[in-house]
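S.K.: Sharing a structure with you now.
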Amino acid sequence: PPTAAVLATFTMPPKQSKEAISKAASSGGKQKKKKWSKGKMKEKVNNLVLFDKATYEKVMSEVPKYKMITPSILADRLRMNGSLARKAIAMLMAQ
65 PPTAAVLATF
75 TMPPKQSKEA
85 ISKAASSGGK
95 QKKKKWSKGK
105 MKEKVNNLVL
115 FDKATYEKVM
125 SEVPKYKMIT
135 PSILADRLRM
145 NGSLARKAIA
155 MLMAQ
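See below:
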C-alpha cells in the first residue's frame with residue numbers, strides 16, 4: 065500500500081465545473097467541414113466550325129510554309145475544330 069508521504073505529494077488538478085467541461089467538449093469540433101475540390105477544370109475553347117474569310121486566307125497562305133502540318137497543329141494555331149483542320153489539309157493536298 066502507498067505511504068502517506070507518496071499520497072501527499074500527488075495533488076489532483078483543480079476540479080472544473082460541469083459548464084466548463086461541456087463548453088470545452090463542444091468547442092472541439094467546430095471547424096468548417098472540408099469540401100471536395102471541383103477537380104481541375106479545362107478552360108473551354110471556342111473553336112471555329114466553319115471557315116471565315118480571314119482564316120481561309122491564312123490557311124491558303126501561311127499553312128503551306130509550316131514545317132509540319134497536322135490536324136492538331138492547325139486546330140491549335142488557327143483555333144478551328146479538328147474536322148475543319150482535316151478538311152483544310154485535304155484542300156491543300158488537292159491543290
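Sequential numbering of the sequence shown, starting at 65, is according to this note's numbering.
Positions of the beta carbon are idealized from the N, C-alpha and C atoms, including for glycine.
Source: prediction; values computed, not measured.
Ordered along the chain, which non-local residues of its own chain (more than five positions away) have a Cβ less than 7 Å from that of residue 135?
M.R.: Here the question's residue 135 lines up with position 71 in the sequence shown. Closer than 7 Å at Cβ, skipping near neighbours: 146, 149, 150 and 153.
S.K.: Less than 7 Å between the C-beta atoms of residue 5 and residue 143, yes or no?
M.R.: Outside the displayed range of the chain (65 to 159) lies residue 5, so it cannot be described from this structure.
S.K.: Once you ignore the five residues that flank residue 128 on each side, which residues in its own chain have a CB closer than 7 Å to its CB?
M.R.: Here residue 128 is taken as the residue at index 64 of the sequence shown, counted from 1. Hits under 7 Å: 156.
S.K.: By Cβ distance, which residues of its chain are closer than 7 Å to residue 119, with the 5 residues on each side in sequence left out?
M.R.: Position 55 of the sequence shown, counting from 1, holds the residue named residue 119. So the list reads 112, 142 and 144, once near-sequence residues are dropped.
S.K.: Taking 7 Å as the CB-CB cut-off, is residue 113 touching chain B?
M.R.: Absent from the structure: chain B. Only one protein chain is present.
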